[in-house]
Amino acid sequence: GGGAAAAQPDLLLVRVSRGRLAREFLLAPPLLLALALLVVGLAVNAGRLGIDLAGGRLLPVGDLPATWAEYLATWHPVFGGTAAPAPTALAVLGGLGAVLAPFGGPPAGAAVLLLGDLPLAGLIAYAATRRMPVRRWVRALVAAGYALLPPATAAVAQGRLDVVVVHILLPAVVAGIAALFVRVRAVTGSTAWLSTAAGTAFGLAVLGAFAPLVHLLLVLYALAGFVVVPGRRGHGRRRVAALFVLVLMPLALLLPWPAVVIQHPGVVLHGVGAWMREPPVSAVDLVSLDPGGPGAWPVVGLAVPVALLAGLVIRPHRAMLPGLALLALGVGAVAGVRVFPAAPVTGGAPTQAWAGAALLVAGWGALWGLLGACRPKPAGDPAVLVRVATVLGVLGVAALGVGVLVAGRQGPLRDGGGPQLASTLRHELELTGRSVLLVPADPAEPVRQVAGREPRFADDDLPPVPSAEARLGRLGEDLRSAEPQRVRAAIAGAAAAGVVFVVLPDTGTADRVRSAAGELVSLGPSTEDGRPVLRVQLAAGQVTLLSPELAKQAATGGAPPGALGTAGIVPVEAAPPDVAVRVSDGPEGRLLVIAAEEEPGWRATVDGRQVPIVRAWAHFVGVPVPTRAADVVVEQPTAPRSVLLLIQAAAVLFTLLTAIPGRRPA
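Just so we're aligned, residue -6 is where the sequence shown starts under my numbering, counting upward by one.
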């Protein structure tokens, strides 16, 4: 025995040439995967390359200071003003924009996610399966199939940034959950489980910031894994602690956004993004992973369920169960999205949500289950079966790629999209703080009012004050009507709300409004996409001081004056939410009106003494002023919002530090 052992070599030397190293590197599956998907992505998005992407569900993204200012603000100048918290998606884009500040900030971050979706999703899917005992080229083939799924290409074409974020991060977050609860081989080490749980919780929070439905599905998936899969002896406390981290930590990271989701459950189904009429879709489309709308080629997605079915029949294995469980959750979510309509955050009638995010969950579950069937058998597989499976897999991925190349170029997303005003009008909005009113052609789409700027990303995710929803809906109906009296009343109401520009959907509507309103409006330069713009000529501002006669009319619910040269309206150089002005001596009964929807939280003081808020013109904030000169201050308190942001910042710092992997014991 000793001689036989001595005869065995202790060290085996293998001669490796530079050519062999180059071939091993250049032909490595992840490199080929990344290059192939990058080429396909550039070919598909050649017509929309740029960093100012907008269109479809994506409103233009603001620069770095504007994005963070909007996220941190207590009050937002949209839909007449609202104190609702901004979505955490703004903070995610702001953080990504800070990293990409030399290249354009948050707009560049959104462009990287949208234009780089294919290679990013493919590489992350490949890395997420690294612990599976499957050949690298099989993993690369499955990752390529996931990257090319129809819901993902349709999401890019339609500007659905929420679904794109799901597409990129979903495999990594699922892999983190599986490492903690699903895999037979649990995460070991003194700190490995904690860093895995923290990193997964952070990814789960990012998904929740854009797509709360996927966040909820993955929490259910983790709970199911904790209950169904038994842990190893001695790992019970770690599993319970990891579960608490996965469930509770994302809520702290998302503060105070979960409160909005609870109050407006439609966000769960619709996700984050601008309003968009959802296209009709059939059951056959859903089975083939086609969520509807431009960007997805029909039927080609059937390759995924057919491949899974073949794997179940030919190579059933218990390793397929985690993927099948995720598939079942995704199918249930698709059914829920189609069966239960929900009202968007901006209000309006309940509508069916787009099923793209749920289809991605189902698609990744199917592909993950298929990988479970691709584990090599101890005795080996017949060579014919391996060749046939390889050819069919390559053909399936090729079919998905052709579908992307054919249909991916469609859709409203493009560089410089959106109803951008002329530069002179944008500059005037910024200087005066006045509002722009955008009236859509589709009556179901919300009428947007924004002060001091144009509409931006996340505006449609801020819940408006209920009175604002009704007021703006009436304005849209009146401006689209053919009755001159209604049109003139709408222009007067818009002026009282601080509106200076009205963007109309087409020239026909603009001509009708000009004819009915007469001298109350004038024609301005059109938007970059050709929409007509009218300037409101009535005296108005974001803050106005009304004479006693008009103050009485405003406080009793009367209609704003609709004639040029009406006396008693004095515009004040100030803008909400923090208004500090000094009024001079004057008659009794004057009213300072702030063009902001009256809602709980507004506070007014006159010479340091708090005074009650009154509702002006049935909607806005009014403050009675005395006859003597006085300092009037109107503000929205910031303390509660600041406390929540501090908790969120502490949670982010703790999670990021905890997610750094520690040393594992030898």
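In this text, a Cβ means the ideal position worked out from N, Cα and C, and glycines have one as well.
### Message
If we require 4 or more residues per run, which alpha helix (DSSP H) segments fall completely within the region 46 to 115?
### Response
57 to 65, 82 to 92, 99 to 108
#### Entry: Reference G601, options I587, V625, A589, closest by Cα
V625
### Query
If you drop the 5 nearest sequence neighbours on each side, which residues of the same chain put their C-beta closer than 6 Å to that of G469?
V432, V440
### Task
Give the single residue among L241, L236, V220, A168 whose Cα lies nearest to the Cα of Q641.
L241
### Task
Take G555 and list the residues in its own chain whose beta-carbon comes closer than 8 Å to its own, dropping the five residues that flank it on each side.
Around G555, the same chain offers R481, A482, I484, A485, L513, L531 as residues with beta carbons nearer than 8 Å, after the five sequence neighbours per side are excluded.
### Message
Rounding to the nearest angstrom, what Cα-Cα distance links F494 and L388 in this structure?
### Response
54 Å
### F174, DSSP secondary structure in three states
Note: F174 maps to helix in three-state DSSP.
### Query
Given E591, which residues of its chain have a CB within under 7 Å of its CB, disregarding the five upstream and five downstream residues?
I606, R608, H612, F613, V614
### Message
By alpha-carbon positions, which one of A118, V85, V92 ends up nearest to A27?
### Response
Distance check between A27 and each of A118, V85, V92 places A118 closest, using alpha-carbon atoms only.
### Query
So, helix, strand or coil for R415, using DSSP?
Before going further, note that residue 415 is Ala rather than Arg in the sequence given. In the structure shown, A415 sits in coil (DSSP, three-state: anything other than H, G, I, E or B).
### Task
Could you round the C-beta distance between V121 and A165 to whole angstroms and report it? I think they count as a contact, below 8 Å.
First, the amino acid is wrong: residue 121 is Ala here, not Val. A121 to A165, Cβ: 5 Å. Contact.
### Query
Near P334, which residues of its chain fall below 7 Å by C-beta distance, leaving aside the five closest residues on each side in sequence?
P343, T344, Q345.
### Query
Where does Q478 land, buried or exposed, given buried means 16+ other C-beta within 10 angstroms?
exposed
### Message
DSSP three-state label for F333, please.
### Response
coil
### Query
Less than 7 Å separating the beta-carbons of I587 and V572?
Between I587 and V572, the gap from beta carbon to beta carbon is short of 7 Å.
### Task
Could you tell me which of A568, W595, Q546 sits nearest to G582, measuring between CA atoms?
Q546
### Query
Hey, out of V297, A312, E63, whose CA is closest to L353's CA?
V297
### Query
Are R634 and T67 close, meaning C-beta to C-beta below 7 Å?
yes
### Query
So V158 packs on F203, CB below 8 Å; how close in whole Å?
4 Å
### Query
According to DSSP, is I640 helix, strand or coil?
helix
### Message
To the nearest angstrom, how far is the alpha carbon of A382 from that of P405?
### Response
The alpha-carbon atoms of A382 and P405 are separated by roughly 38 Å.
### Task
For P273, count neighbouring C-beta atoms within 10 Å of its own C-beta (all shown protein chains included) and say buried if the count is 16 or more, exposed if not.
Flag for P273 reads exposed.
### Anticipated Cβ contact below 8 Å, R308 with A366, distance rounded
The beta carbons of R308 and A366 sit about 4 Å from each other, so the pair counts as a contact at 8 Å.
#### Entry: As assigned by DSSP and simplified to three states, the class of S577
coil
### Expected contact under 8 Å - CB spacing of D45 and G409 to nearest Å
5 Å
### Query
How long is the line joining the alpha carbons of A217 and G264, rounded to whole angstroms?
Counting only the Cα atoms, G264 lies some 24 Å from A217.
### Message
Between the alpha carbons of L320 and G97, how many angstroms are there, rounded?
### Response
Each residue's alpha carbon lies about 38 Å from the other.
#### Entry: Rounded Cβ spacing between P78 and W250 (contact assumed at less than 8 Å)
6 Å
### Task
Count the CB pairs spanning the region 417 to 426 and the region 314 to 332 that are closer than 8 Å, and state whether there are at least three.
no
### Message
Taking 8 Å as the limit between beta carbons, can you name the residues of its chain near L660, skipping five residues before and five after?
### Response
The shown model of the chain, from -6 to 659, leaves out residue 660, and the question about it has no answer.
### Query
Roughly how far, in whole angstroms, is the beta-carbon of A147 from the beta-carbon of G286, given that I think they are within contact range, below 8 Å?
6 Å
### Task
Could you give the DSSP three-state label for E628: helix, strand or coil?
strand
### Task
Specify, as a first and last residue, the run of the beta strand (DSSP E) that R608 falls within.
607 to 609
### Query
Since R50 and A267 are thought to touch, with beta carbons under 8 Å apart, how far apart are those beta carbons, to the nearest angstrom?
Indeed, because the Cβ distance is near 5 Å, the residues count as touching under 8 Å.
### Task
Ignore the nearest five residues each way along the sequence and tell me which others in E462's own chain have a CB closer than 6 Å to its CB.
G340
### Task
Thinking Q442 and E521 are a contact (beta carbons under 8 Å), I'd like their distance in whole angstroms, please.
No, Q442 and E521 are not in contact; Cβ-Cβ is about 20 Å, not under 8 Å.
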